[in-house]
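Every letter in the sequence shown is one number past the one before it in my numbering, and letter 170, counting from 1, is 174. Think of the CB as a built atom: it goes at the ideal place given N, C-alpha and C, for glycine as much as any other residue. See below for the structure under consideration.
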Amino acid sequence: MWEKDEAPLWDLDSDEATEPAPFEPDEEDAQILSPNTARRAVDDLPVGHHVVLFALDPPGFCGGRIASVADSSLRVSLDHEPDRLLLWPLSVCLIAFLHQGETHAFLSRVWGFGAEEGVRRRPVVILSKPDEQMTMDWRSAPRVAVPDDAGFACVFRVGATGKWPCRLCNLSVSGALIEFDASRMPELQCGSEAELEILWEEMHCRLAAVVCRRQGHEYAVMFPESLSMDEIRPPMHLETMVRDLQELWLRRRAA
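Set out below in structure tokens:
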């Protein structure tokens with residue numbers, strides 16, 4: 005998201021703030037803690053402790069400092085404005101930090117963004133604390149590629165009149181990747197609300213969707229109906245569609 009040698013904007017106006025030397029982020033060397041162990045470690049971190057947020061898809065990272073820790077969430081004051089193509093509300097990231105001389109990490113979901121008060125209004129990201137159910141849900145919600153010949157029909161709707169046909173590239177119970185024809189595509193910002201209508205065989209889904217990122221002719225969208233503070237709970241028709249799509253792939257691989 006930015007170069008590691010850029011000057012940080014860290015200057016918390018707090019007597020509790022500490023400023024240990026930032027560590028070089030290395031996602032591969034981080035020890036992934038169990039949710040219970042990670043919660044205890046996070047609760048022990050002082051205000052100002054350096055952390056690194058690793059975006060999972062597409063990959064990237066940014067640095068920041070612990071601003072506050074609550075019962076179910078933590079606020080991280082970021083060194084720089086985050087790239088919203090890498091971090092967006094409801095996305096999942098890996099949080100790495102030094103604890104007792106070792107690099108530890110846990111999965112977290114982005115709940116939102118804000119800004120710290122003061123002369124420098126530093127960007128803040130609000131994250132979920134480590135949670136066993138969230139970790140299980142994330143690992144059990146893979147994206148399934150949609151074969152071109154599978155027979156899916158997909159329409160992207162914005163408001164009462166905006167309607168664009170699109171191609172479904174992949175699908176999961178929490179979101180999808182869609183692609184538009186270059187001559188017919190909407191111009192939307194991250195966070196824009198829409199609907200995604202999917203028809204496949206005898207199944208039909210019409211889902212509220214939030215634009216997460218855009219790259220070229222492709223939009224990544226999340227399904228807010230599937231996500232809550234505690235777990236992923238997709239609509240039954242969407243869950244059935246994803247399961248049947250997975251089975252289609254298994255049958256084709258076995259053939």
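Item                                                                                                    : Value
Cβ pair P134, V80 closer than 8 Å                                                                       : no
Complete beta strand (DSSP E) runs within the region 67-127 (minimum length 3 residues, chain order)    : 77-82, 96-103 and 106-119
Where Q193 falls: helix, strand or coil (DSSP)                                                          : coil
Candidates T165, V214, H221 and A164, of which the one nearest E183 by Cα                               : H221
L242 (DSSP reduced to helix, strand or coil)                                                            : helix
Spatial distance of F156 from F65 (CA atoms)                                                            : 35 Å
Q250 versus P151: straight-line alpha-carbon distance, rounded                                          : 11 Å
Classification of M226 by the beta-carbon crowding that lies within 10 angstroms, buried from 16 upward : buried
Coil, strand or helix - A25 by DSSP                                                                     : Summary for A25: the model assigns pLDDT 45, below 50, so the residue's position carries little reliability; its value from the coordinates is reported in the next sentence. Coil at A25, not helix or strand.
Spatial distance of I99 from L57 (CA atoms)                                                             : 5 Å
With 16 other Cβ atoms within 10 Å as the buried cut-off, status of H208                                : exposed
C-beta contact flag for F110 and V129 at 8 Å                                                            : no
D19 versus P169: straight-line alpha-carbon distance, rounded                                           : Residue placement at D19 is poorly supported in this model, since its pLDDT is 37, which falls under 50; the coordinates are not used for a value here.
Residue interval of the beta strand (DSSP E) (run including V214)                                       : M207 to Q219
Rounded straight-line distance, which links the Cα of A224 to that of L37                               : 29 Å
W115 versus T244, P228, R43 and R255, residue with shortest Cα-Cα distance                              : P228
Cβ-based burial, L175 [other Cβ within 10 Å; buried from 16]                                            : buried
Buried or exposed by the 16-neighbour rule on C-beta atoms within 10 Å, applied to D83                  : buried
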